[in-house]
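Colleague: Protein chains in written order, with our numbering: chain V, 7 to 380; chain E, 7 to 380.
Where a beta carbon is used, it is the ideal one built from N, C-alpha and C, also for glycine.
One structure is given below, represented as structure tokens, and several questions about it will come after.
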């Protein structure tokens with residue numbers, strides 16, 4: 007193997023590739039990047055227990071003298087390329103066991119691992135991928151993954167449930183105390199599908215999507231999901247097991263509806279949550295819709311003190327006065343998923359789940375279970 | 007106590023005050039801010055085991071209805087004021103044991119501690135403070151504190167030695183493997199002084215100096231040092247014990263002198279240090295001035311590989327070829343203290359301390375002990 011390429015081109019692709027590098031692993035080959043050099047193309051392959059990434063680099067600056075493949079130590083290679091001066095970097099394999107990286111007055115020799123040790127990873131494409139604007143994919147991830155469980159005793163809840171049915175794609179995450187559901191329209195000639203993607207995989211995909219390319223293609227299979235994004239193939243394993251059926255959890259009729267300015271409600275809950283943050287990130291805040299249509303947000307810590315916030319709904323609230331208590335963190339997490347200036351909070355009763363929705367029909371529902379207080 | 011003031015004015019002063027708040031302390035009063043309100047002024051006092059800060063606030067927006075003093079829980083108070091909307095905040099004490107903070111539609115009640123529990127802190131000024139441009143004080147701190155020891159077995163080395171002699175102020179820090187010395191000129195009618203200030207105190211002072219006021223006054227005493235900076239008094243305890251006499255450690259004659267572009271040398275050492283960073287932050291790098299006047303920077307890790315960097319001195323080096331090995335971290339730390347495009351590295355021999363100096367006479371010397379290698 008012997009080729010040269012623009013340093014920045016290589017680096018920008020390595021930074022994506024790195025997202026699937028294992029740093030701690032009993033399998034040393036997973037700390038490596040598999041480099042495949044053919045006549046007009048370099049391929050970078052990385053993988054860990056959740057995801058695998060395959061990147062194809064074709065660039066005017068690429069000049070291949072000799073094709074070949076190698077398994078190179080990932081972290082030190084990326085760190086080194088990152089520190090190189092701009093220009094061209096020459097990369098070659100010497101004596102089958104050393105990678106030489108040369109640029110300007112810099113020479114790095116890296117001991118290679120045996121490329122035959124690297125597992126053969128199949129990137130599974132299908133004929134009918136779902137095409138989405140990548141900014142829509144980003145918002146689906148941002149609006150759902152935060153609500154996955156990070157407790158491993160119900161592994162299925164650490165993932166996001168993706169369902170394709172008729173002309174809808176629905177993403178659902180829940181940790182059993184709250185639920186986030188986002189629905190978007192897609193072409194209706196697709197096969198029905200119901201899979202669960204690890205939340206961590208989606209968090210990594212979100213970072214890759216910062217490249218802000220136009221489109222993303224989703225290749226859904228029963229064993230894996232593959233996102234095709236420019237020159238990048240990003241594949242994730244799926245979680246096995248049945249995701250709970252959540253459609254009946256979301257109430258339909260709401261006798262009490264309050265419309266807020268998103269910012270007013272956010273700052274009031276943030277301030278109210280400060281009192282108990284010291285001991286417990288899940289501080290409990292109370293919301294009280296008073297008969298005079300003013301909403302009181304309160305929090306009380308006998309040891310430290312008490313906060314009372316008054317928030318004025320945008321319009322006269324619908325329904326009767328209500329008192330409800332909830333985790334301020336869950337409420338703030340949910341509010342962050344909305345971009346709109348105004349939001350609706352809709353209640354069915356004091357000890358029943360309530361939901362937050364956008365003023366326009368964005369297909370997004372955030373559901374939160376209240377907590378009982380005396 | 008009952009007063010109102012512009013929220014931003016209060017917040018900006020609290021953020022400074024907070025630098026001396028203890029978060030973990032067996033003495034609960036050290037988690038508090040002592041608030042003294044007189045007719046035209048608010049005073050904030052905070053202190054921990056190293057430093058004490060006293061801030062005087064006089065502002066057009068200040069309106070005092072009733073004077074008084076209180077000991078308020080520091081962290082939650084600052085966090086709350088930080089989250090308030092812009093405007094005026096009203097603060098009052100109710101029933102001697104509750105602080106009420108009111109702004110717009112927000113009400114916070116905080117349980118007060120007993121203000122009599124707060125220790126009486128004397129801020130010691132003297133008649134002849136040393137006046138410095140505050141940006142000079144910032145660079146003295148930045149150029150020395152990093153070289154203090156963070157190992158507590160020789161506590162005196164965790165501090166920076168400040169000496170006032172004739173018309174010079176000298177700041178010295180050493181962890182016994184490296185030494186940083188900065189000398190600046192001051193008026194020569196000052197009393198001689200030799201004290202050691204905890205490095206941590208200076209790190210906190212550095213953050214306060216981000217306000218970028220013009221001047222700072224230094225009130226040196228035998229028991230404490232007080233920095234007067236606008237409306238802020240920042241006092242630190244001194245370390246007891248004798249700082250080692252370091253003047254004879256710094257060589258005077260240098261048979262070998264190499265002039266580098268600072269950036270060339272920095273990036274070469276950074277790249278060379280990458281190989282061993284994985285195991286040990288103190289990676290060892292070798293410098294070799296070759297007979298052909300090229301400098302080789304190398305690093306070798308049998309397990310991972312080898313880096314060879316060639317650096318071209320700005321001018322032909324003075325002296326004979328030399329090979330020397332050193333901690334890359336120490337060298338990079340030292341290089342960061344120079345702003346100049348070019349620097350001199352001066353050697354007396356392969357196993358003798360070497361120094362780094364600016365090309366102009368900035369009064370700054372960085373000394374590093376080499377390491378022996380085979």
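Among the residues of its own chain, which have a CB less than 7 Å from the CB of residue 74(E), if the five just before and after it don't count?
Modeller: To locate residue 74(E), count along the second chain from 1; it is residue 68. Once the five neighbours on either side are set aside, the close Cβ partners of residue 74(E) are 7, 43 and 99.
Colleague: For a contact meaning CB atoms closer than 7 Å, what does residue 98(V) contact in chain E?
Modeller: To locate residue 98(V), count along the first chain from 1; it is residue 92. Result: empty, since nearest Cβ-Cβ is about 14 Å, beyond 7 Å.
Colleague: Kindly indicate the opening and closing residues of the beta strand (DSSP E) around residue 200(E).
Modeller: By one-based count along the second chain, residue 200(E) stands at place 194. Residues 199-204.
Colleague: In terms of residue numbering, what span does the beta strand (DSSP E) encompassing residue 142(V) cover?
Modeller: As a position in the first chain, residue 142(V) is number 136, starting the count at 1. Unbroken run through residue 142(V) is the alpha helix (DSSP H), 140-150; no beta strand (DSSP E).
Colleague: Name the residue from 275(V), 82(V) and 177(V) whose alpha carbon lies nearest to the alpha carbon of residue 253(V).
Modeller: Taking the first chain and counting its residues from 1, the one referred to as residue 253(V) is at position 247. Residue 177(V) is the option with its Cα nearest to residue 253(V).
Colleague: Select from the region 112-140 of chain E all residues with a C-beta closer than 7 Å to any C-beta belonging to chain V, and list them in chain order.
Modeller: Within the region 112-140 of chain E, the qualifying residues are 112, 113, 114, 115, 116 and 117.
Colleague: Does the Cβ of residue 241(E) have 16 or more other Cβ atoms within 10 Å, making it buried, or fewer, making it exposed?
Modeller: Start at 1 with the first residue of the second chain, and residue 241(E) comes out as number 235. Buried: at least 16 other Cβ atoms inside 10 Å.
Colleague: Assuming residue 310(V) contacts residue 291(V) (C-beta within less than 8 Å), just tell me the rounded distance between them.
Modeller: Numbered from 1 along the first chain, position 304 holds the residue referred to as residue 310(V). Numbered from 1 along the first chain, position 285 holds the residue referred to as residue 291(V). The pair is not a contact, with the Cβ atoms about 14 Å apart (cut-off 8 Å).
Colleague: Of the choices 244(V), 143(V), 165(V) and 25(V), whose alpha-carbon is the least far from that of residue 220(V)?
Modeller: Here residue 220(V) refers to the residue found at position 214 of the first chain. Of 244(V), 143(V), 165(V) and 25(V), the residue nearest in Cα terms is 143(V).
Colleague: Output the distance between the C-alpha atoms of residue 301(V) and residue 345(V), rounded to the nearest integer angstrom.
Modeller: Here the question's residue 301(V) lines up with position 295 in the first chain. Here the question's residue 345(V) lines up with position 339 in the first chain. Distance between the alpha carbons of residue 301(V) and residue 345(V): 22 Å.
Colleague: Using a beta-carbon distance below 8 Å, is residue 246(V) in contact with chain E?
Modeller: For the purposes of this step, residue 246(V) is taken as the residue at position 240 of the first chain. By this cut-off, residue 246(V) is not an interface position.
Colleague: For residue 246(V), count neighbouring Cβ atoms within 10 angstroms of its own Cβ and tell me buried if that reaches 16, exposed if not.
Modeller: The count along the first chain starts at 1 and reaches residue 246(V) at position 240. Residue 246(V) should be labelled exposed.
Colleague: On the DSSP letters alone, give me the boundaries of the beta strand (DSSP E) that residue 381(E) sits inside.
Modeller: Residue 381(E) lies beyond the range of chain E shown here (7 to 380); nothing can be said about it.
Colleague: Just grab the DSSP bridge partners of residue 304(V) for me.
Modeller: Stepping through the first chain from its first residue, residue 304(V) is reached at position 298. For residue 304(V), which the question treats as bridged, DSSP gives the partners 292(V) and 314(V).
Colleague: Quick one: grab the DSSP three-state call for residue 14(V).
Modeller: Here the question's residue 14(V) lines up with position 8 in the first chain. In the structure shown, residue 14(V) sits in a helix (DSSP, three-state: H, G or I).
Colleague: Buried or exposed for residue 167(E), please, with buried defined as at least 16 other CB atoms from any protein chain shown within 10 angstroms of its CB.
Modeller: Here residue 167(E) refers to the residue found at position 161 when the second chain is read from its first residue. It is buried - the Cβ of residue 167(E) has at least 16 other Cβ atoms within 10 Å.
Colleague: DSSP state of residue 323(E), grouped into three classes?
Modeller: Counted from its first residue, the second chain places residue 323(E) at position 317. Residue 323(E) falls in the coil class under three-state DSSP.
Colleague: Which of the three DSSP states is assigned to residue 121(E) in this structure?
Modeller: Here the question's residue 121(E) lines up with position 115 in the second chain. Reduced to three states, the DSSP call for residue 121(E) is helix.
Colleague: In chain order, which continuous runs of the alpha helix (DSSP H) of length 4 or greater are located wholly inside the region 69-95 of chain E?
Modeller: As far as the region 69-95 of chain E is concerned, its whole alpha helix (DSSP H) runs of at least 4 residues are 80-89.
Colleague: Could you give the DSSP three-state label for residue 363(E): helix, strand or coil?
Modeller: Here residue 363(E) is taken as the residue at index 357 of the second chain, counted from 1. Here residue 363(E) sits in strand by DSSP.
Colleague: Using a Cβ cut-off of 9 Å, pull out every chain E residue sitting near residue 91(V), in sequence order please.
Modeller: Locating residue 91(V) in the first chain gives position 85, where the first residue counts as 1. The answer, in chain order, is 273.
Colleague: Are the Cβ atoms of residue 9(E) and residue 71(E) separated by less than 8 Å?
Modeller: Here the question's residue 9(E) lines up with position 3 in the second chain. Here the question's residue 71(E) lines up with position 65 in the second chain. In this structure, residue 71(E) lies closer than 8 Å to residue 9(E) by Cβ.
Colleague: With C-beta atoms as the reference, is residue 147(V) less than 8 Å away from residue 239(V)?
Modeller: Residue numbering aside, residue 147(V) sits at position 141 when the first chain is read from its first letter. Residue numbering aside, residue 239(V) sits at position 233 when the first chain is read from its first letter. It is not a contact, given that the beta carbons lie outside the stated cut-off.
Colleague: Which full runs of the alpha helix (DSSP H) of 4+ residues lie inside the region 198-276 of chain E, going along the chain?
Modeller: As far as the region 198-276 of chain E is concerned, its whole alpha helix (DSSP H) runs of at least 4 residues are 205-214.
Colleague: Pull out every residue of the region 305-324 of chain E whose Cβ sits closer than 8 Å to any Cβ of chain V, in chain order.
Modeller: Listed by position, the residues of the region 305-324 of chain E near chain V (Cβ gap below 8 Å) are 309, 310, 311, 312, 313, 314, 315, 316, 317 and 318.
Colleague: Consult DSSP for residue 285(E) and reduce its assignment to one of helix, strand or coil.
Modeller: Here residue 285(E) refers to the residue found at position 279 of the second chain. Note on residue 285(E): pLDDT 48, under 50, position unreliable in the model; no value is reported.
Colleague: Leaving aside the five residues before and after residue 285(V) along the sequence, list all residues of the same chain whose C-beta is less than 6 Å from its C-beta, in chain order.
Modeller: For the purposes of this step, residue 285(V) is taken as residue 279 along the first chain, with counting starting at 1. Low confidence applies here, because residue 285(V) scores a pLDDT of 48, under 50, leaving its location unreliable; read the following figure in that light. There are no such residues.
Colleague: Out of 180(V), 222(V) and 214(V), which one is the CA nearest neighbour of residue 202(V)?
Modeller: To locate residue 202(V), count along the first chain from 1; it is residue 196. Looking at the Cα atoms, 180(V) is the closest of the given residues.
Colleague: Counting C-beta neighbours from all protein chains within 10 Å, is the total for residue 40(V) 16 or more, i.e. buried, or is it exposed?
Modeller: Counted from its first residue, the first chain places residue 40(V) at position 34. Buried: at least 16 other Cβ atoms inside 10 Å.
Colleague: Closer than 8 Å, Cβ to Cβ, to anything on chain V: give me those residues from the region 79-90 of chain E, in chain order.
Modeller: Cβ contacts with chain V: 79, 81, 82, 85, 86, 89 and 90.
Colleague: Would you report the Cα separation of residue 363(V) and residue 97(E), rounded to the nearest angstrom?
Modeller: Along the first chain, one-based indexing puts residue 363(V) at 357. Along the second chain, one-based indexing puts residue 97(E) at 91. Computed Cα separation, rounded: 37 Å.
Colleague: Are the beta-carbon atoms of residue 94(V) and residue 67(V) separated by less than 8 Å?
Modeller: What you label residue 94(V) is simply residue 88 of the first chain in a count that begins at 1. What you label residue 67(V) is simply residue 61 of the first chain in a count that begins at 1. Yes.
Colleague: Nearest to residue 18(V) by CA position, among 354(V), 92(V), 205(V) and 138(V), is which residue?
Modeller: As a first step, residue 18(V) must be located in the first chain, where it is residue number 12. It is 92(V) whose Cα lies nearest to the Cα of residue 18(V).
Colleague: Does the region 260-267 of chain V come within contact of the region 222-232 of chain V, defined as at least 3 CB pairs closer than 8 Å?
Modeller: Touching, no.
Colleague: Tell me, please, whether the region 23-37 of chain E touches the region 48-62 of chain E by the rule of three or more beta-carbon pairs shorter than 8 Å.
Modeller: Taking 8 Å as the limit for Cβ pairs, the verdict is that the region 48-62 of chain E does touch the region 23-37 of chain E.
Colleague: Would you please state the rounded distance, in angstroms, between the beta carbons of residue 185(E) and residue 373(E)? I believe it to be under 8 Å.
Modeller: Taking the second chain and counting its residues from 1, the one referred to as residue 185(E) is at position 179. Taking the second chain and counting its residues from 1, the one referred to as residue 373(E) is at position 367. Contact flag correct, Cβ pair sits at about 4 Å.
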